Every structure is written in C-alpha cells, then in structure tokens.
Amino acid sequence: MGDFAIIIPYFNPAGYRSHQDKFSRCFSALEAAGIAQDVYLAVAGPQKPEGGAKVTFWDPEFSFMWHKERLINLATATLPDRYSHVVWLDSDVIVDARWAYSVREAFTRSKIIQSFRTARKIGSDGHIKQARLGVLVADGAKSGSVGLAWGACRSLFTDGPGLFDLGLVGSGDSVFAHGMIGNDICTAPWLSNLRERLAQSWSPALQSAMHDWLVEASRWKGGSVAVAADSDIHVVEHGVTENRKYSQRHSLLGSLDPQKHLIIEQGRVFRWTPAGLASVEGGIRSYFYGRREDEPSGRWESALPVAAGAAP
Numbered sequence: 010m011g012d013f014a015i016i017i018p019y020f021n022p023a024g025y026r027s028h029q030d031k032f033s034r035c036f037s038a039l040e041a042a043g044i045a046q047d048v049y050l051a052v053a054g055p056q057k058p059e060g061g062a063k064v065t066f067w068d069p070e071f072s073f074m075w076h077k078e079r080l081i082n083l084a085t086a087t088l089p090d091r092y093s094h095v096v097w098l099d100s101d102v103i104v105d106a107r108w109a110y111s112v113r114e115a116f117t118r119s120k121i122i123q124s125f126r127t128a129r130k131i132g133s134d135g136h137i138k139q140a141r142l143g144v145l146v147a148d149g150a151k152s153g154s155v156g157l158a159w160g161a162c163r164s165l166f167t168d169g170p171g172l173f174d175l176g177l178v179g180s181g182d183s184v185f186a187h188g189m190i191g192n193d194i195c196t197a198p199w200l201s202n203l204r205e206r207l208a209q210s211w212s213p214a215l216q217s218a219m220h221d222w223l224v225e226a227s228r229w230k231g232g233s234v235a236v237a238a239d240s241d242i243h244v245v246e247h248g249v250t251e252n253r254k255y256s257q258r259h260s261l262l263g264s265l266d267p268q269k270h271l272i273i274e275q276g277r278v279f280r281w282t283p284a285g286l287a288s289v290e291g292g293i294r295s296y297f298y299g300r301r302e303d304e305p306s307g308r309w310e311s312a313l314p315v316a317a318g319a320a321p
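Taken in order, the sequence shown gives residues 10 to 321; the numbers are from this note's numbering.
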C-alpha cells in the first residue's frame, strides 16, 4: 500500500470550550507518534482550532448541523495524490506510538478498517475510567463501538460513494458500519436492524438517500471484509453521554427533505435554506446546546474491565 492520510473533522457550532482542549490533546499525540505531517484538518465554522495541524478544507459557514461526514468527503478530495488510503479520526481520540504501524498493517489485510481494537476513556481527572471494544473485535461483548476511527482505501471516495453525509444529527458511523460490515455483527447486533430503527424517525426522503448510499457502498466493497487495527486508543471525555440522546435525536429529521431544506453546493458544507431554517434547524440547534459538552461526564458504559492508573 501507499501512504495514508489522517483527516480530523472539526465543527463546534455551540462554541464548547472542551473542543479546543480535546483537539489539542489529539494532535499532540499524533505529533508524538511522528505522523503529524500526514494529519489534515477539515473545519466548518468561523474559527479554526489552535495548533499546528494543516487545514486542508475550511468553510466558515456557521450552521447548526452535524458536519462530520460532509467534511471528510470534501477534505479527501483535496489530499495530495501520494495518499492511497484515508483514516478519519474524531478530534477526541489519542493514539499511541505504534498506532500508525498497526493501521498500515491492517490496510495490507483489507481496504476497510476500524483503526483500533479497544477504546479507553480518559476522565476529567486524567485517569482511565472505562473501555469498549471496537465493533470488529469478537469476544462475546455486545456493545462494540462503531465510531471514533475508521479508514478505507481512497477509492471509496473516488470510485465509491464516500461517506453518507446526510445524518445531520450524527450516526454516520453507524450507517458506515452497517454498510461495510453487514448484518453479521457480533459485538453490535443492533446494527442488523439499523434501517428499520431509523425508519421510525427519519423522513422518507432521508431513508431513500441512505438506501442509495448502501447500494453504492455494497458495490464498492465487493467481497472485502473489514478488519481492526491491532492498537488501542484513548478517548477524551467531553460531556454526559445521556445528553447526546443517541436514539431520540433522529426524530429531529422526521420532516427533512434534503432538496427542499438544504443548500447542497459542490465544495461547500451543507447550509440551511429558508425552509430548512424555519422547519428543521431550530430543533437541531437546541440539540447541540443540550449536549452540554463542557460538563464532566458521569459514566461511560463499559464492556471491559478497567485497569487502574493514569492515561497517557
């Protein structure tokens, strides 16, 4: 394989202070691992985070919606040609010194990877609180993490559909995992009926868009089987998990019509039309403020025992 680029999407419409802190810790770890030169930041909003990361895409538009997957799709198109693979990393993830080696090794086995085996959460006191397996790691656990860090051959974005980017309150990682792993998911069996569950909340137009993406994702994937990189990561806490309302939030998209409610412009993040501002944006704005991400988190449901001691 060739080189892999690391894209970190960054958007903070509610202006949480914790976002700068977690990004700084994330990028410092990448610098310490000797791979900062391959890190590219994709930003939506008027302010870029402080730090030394290269900004490969920046749209100053300030919209209350989930920009993660749209930013990754746009940023991938700007990367230098030398990168054959792309990893996208949440800005609260801290990697260790051997993470890059593990990612490269995983890419020799598959064109689709989850870029860790175990994620350990760092509490506000600096100590490891709890841990979860990645969704691809089978050892009997039933709450595997579908988010945080994935990677794929760059052809996903050039010959395939890229990432599904219309999940405007989140859950893009779940859609991606469902499309790339399929129904036989030992550590997240709830993914097997993801479409049925989202159909209870999402608008018909949004369900149709997801169906089209899943068809194209299946075509691109072919017979490839996703694998996990043999490395652990740490995750910086920011807010109480319950405030994210992982199930309830999807009802905010019950009336979404992308063609009516979104300005979809090449090379830009999505923006609201007047109709979208009037009928959809208000609920999503309230959702972002309701996440209260500057508050210390109380707990993080764990599938693994937690070792005592401080995190890196």
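In this text, a Cβ means the ideal position worked out from N, Cα and C, and glycines have one as well. Values in this document were obtained by computation on a predicted structure and should not be read as measured data.
query                                                                                                                   : result
Q140 and T127 closer than 8 Å at C-beta                                                                                 : As written in the sequence, residue 140 is Ala, which differs from the Gln given in the question. Yes; because the gap between Cβ atoms is below 8 Å, this pair is in contact.
Which listed residue (E274, V278, H270) has its alpha carbon closest to that of G285                                    : H270
Environment of S256 [buried if 16+ CB atoms lie within 10 Å]                                                            : exposed
Exposure of W75, with buried meaning 16 or more beta-carbon neighbours within 10 Å                                      : buried
Three-pair Cβ contact test at 8 Å for the segment 169 to 178 versus the segment 222 to 230                              : yes
Cβ pair count under 8 Å reaching 3, the segment 189 to 208 against the segment 100 to 115                               : no
Buried versus exposed, by CB contacts within 10 Å (16 or more), H220                                                    : exposed
Check whether K77 and W67 have beta carbons under 8 Å apart                                                             : no
Beta carbon of D174 nearer than 8 Å to that of R79                                                                      : yes
Strand pairing of F73, partner residues [DSSP]                                                                          : Paired residues: none, contrary to the question.
Spatially closest choice to L142 from Q123, S133, G132, I131, by CA coordinates                                         : Q123
Secondary structure of A23, DSSP reduced to three states                                                                : coil
Cut-off 8 Å between Cβ atoms - residues of its own chain near K63, not counting five sequence neighbours on either side : V48, Y49, L50
Spatial distance of I44 from A287 (CA atoms)                                                                            : 44 Å
Counted within 10 angstroms of its Cβ, other Cβ atoms place W199 as buried (16 or more) or exposed                      : exposed
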